[in-house]
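Notes follow the structure.
In the working numbering, the protein residues as written are 396 to 689.
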């Protein structure tokens with residue numbers, strides 16, 4: 396049984412990574428062993444599950460159907476093991492997808508407490524500022540900022556943070572501080588990450604809403620780059636409090652228009668659609684909800 400379970404877990408990782416070598420690295424086995432085990436699994440099943448080329452490993456139609464069923468089985472098995480233990484102990488592996496900046500700034504500092512509670516659990520953080528495909532990545536849960544694309548997925552709001560405008564002391568000393576949002580038209584703007592790249596930025600105050608035209612001087616695709624550019628004095632940046640909390644605390648950035656609101660960014664814990672959430676995925680989301688509310 397253990398050999399079959401190992402084969403099924405290897406098959407899932409080969410399917411999700413599209414590579415024998417990547418699956419071998421993740422599960423700490425040799426590449427020849429992965430190839431041999433998958434071949435034996437195909438013989439046992441009686442059907443070709445993958446197509447091998449020099450560039451990638453892709454699923455056959457039978458392999459795609461098999462993958463869906465196998466992932467459901469493995470998830471149910473983990474749930475059954477957890478229930479049978481009758482405790483809060485979590486074991487096995489947990490794969491978490493998240494935006495890189497949010498992960499580095501807010502999530503990783505909270506992870507020691509979670510890992511201390513669950514010493515038998517191994518966690519993989521899949522970090523990218525590009526929105527990841529949780530199915531392809533084999534993620535058990537994804538942390539998402541902003542609106543969710545997949546309405547069929549089960550998700551929980553884990554926290555909210557306000558958006559704000561900030562600039563460095565050196566920039567403000569050289570160019571002067573804008574006093575009202577309309578003054579932004581005369582300043583260099585740093586734009587790029589989702590939600591900040593339009594030609595205007597919107598503000599609310601006392602029931603009044605205004606849209607301020609901006610002058611994009613630098614465009615980036617990564618929040619850390621936008622904040623770094625603002626610290627360097629290139630211009631004003633539109634980001635979330637999570638994205639620049641450390642710089643505001645140190646004085647490297649100064650918040651502009653503190654009386655004007657720009658709305659909030661919601662963070663969600665989204666469980667991979669099509670399968671029952673792992674106990675460890677649910678536990679992490681509950682933990683983050685509690686910690687981010689502090």
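Glycine is no exception: its CB is placed at the ideal position from the N, C-alpha and C atoms. Everything numeric in this text was worked out from a predicted model, so none of it was measured.
For residue i, the first and last residue of its enclosing beta strand (DSSP E)
i: residue 562; result: 550-562
i: residue 657; result: No beta strand (DSSP E) contains residue 657, which DSSP labels as neither H nor E.
i: residue 638; result: No beta strand (DSSP E) holds residue 638; the alpha helix (DSSP H) holding it covers 636-645.
i: residue 586; result: 583-586
i: residue 667; result: Run containing residue 667: none; DSSP gives neither H nor E here.
i: residue 697; result: The question about residue 697 has no answer, for the chain in this structure spans 396 to 689.
i: residue 490; result: 487-493
i: residue 538; result: 536-540
i: residue 575; result: Here residue 575 belongs to no beta strand (DSSP E), and DSSP marks it neither H nor E.
Own chain partners of residue i with C-beta closer than 6 Å, once the 5 adjacent residues on each side are dropped
i: residue 694; result: In this structure the chain extends from 396 to 689, so residue 694 is not present and cannot be described.
i: residue 619; result: 496
i: residue 617; result: 524
i: residue 556; result: 635, 636, 637, 660
i: residue 412; result: 418
i: residue 518; result: 489
Cα-Cα separation between residue i and residue j, rounded to whole angstroms
i: residue 646; j: residue 637; result: 15 Å
i: residue 429; j: residue 403; result: 11 Å
i: residue 529; j: residue 492; result: 7 Å
i: residue 615; j: residue 442; result: 47 Å
i: residue 396; j: residue 662; result: Residue placement at residue 396 cannot be trusted, given a pLDDT of 47 that sits under 50; the coordinates are not used to answer.
i: residue 691; j: residue 561; result: Residue 691 is absent from the structure shown; the chain starts at 396 and stops at 689.
i: residue 486; j: residue 596; result: 46 Å
i: residue 539; j: residue 456; result: 31 Å
i: residue 534; j: residue 489; result: 8 Å
i: residue 400; j: residue 475; result: 15 Å
i: residue 655; j: residue 578; result: 13 Å
i: residue 658; j: residue 437; result: 53 Å
i: residue 686; j: residue 679; result: 10 Å
i: residue 511; j: residue 499; result: 19 Å
i: residue 653; j: residue 607; result: 15 Å
i: residue 509; j: residue 672; result: 18 Å
i: residue 582; j: residue 621; result: 15 Å
i: residue 571; j: residue 642; result: 20 Å
i: residue 689; j: residue 504; result: 13 Å
i: residue 691; j: residue 419; result: Missing from the structure shown is residue 691; the chain here goes from 396 to 689 and no further.
i: residue 513; j: residue 445; result: 35 Å
i: residue 470; j: residue 463; result: 11 Å
i: residue 515; j: residue 484; result: 8 Å
i: residue 584; j: residue 600; result: 21 Å
Residue i, enclosing alpha helix (DSSP H) - first and last residue
i: residue 508; result: 506-512
i: residue 416; result: 415-422
i: residue 684; result: 674-687
i: residue 426; result: 426-440
i: residue 626; result: 618-626
Same chain, Cβ closer than 8 Å to residue i, neighbours up to 5 away in sequence not counted
i: residue 435; result: 402
Whole-number beta carbon distance between residue j and residue i, since they are thought to touch under 8 Å
i: residue 648; j: residue 626; result: 6 Å
i: residue 665; j: residue 537; result: 5 Å
i: residue 624; j: residue 632; result: 7 Å
i: residue 433; j: residue 405; result: 7 Å
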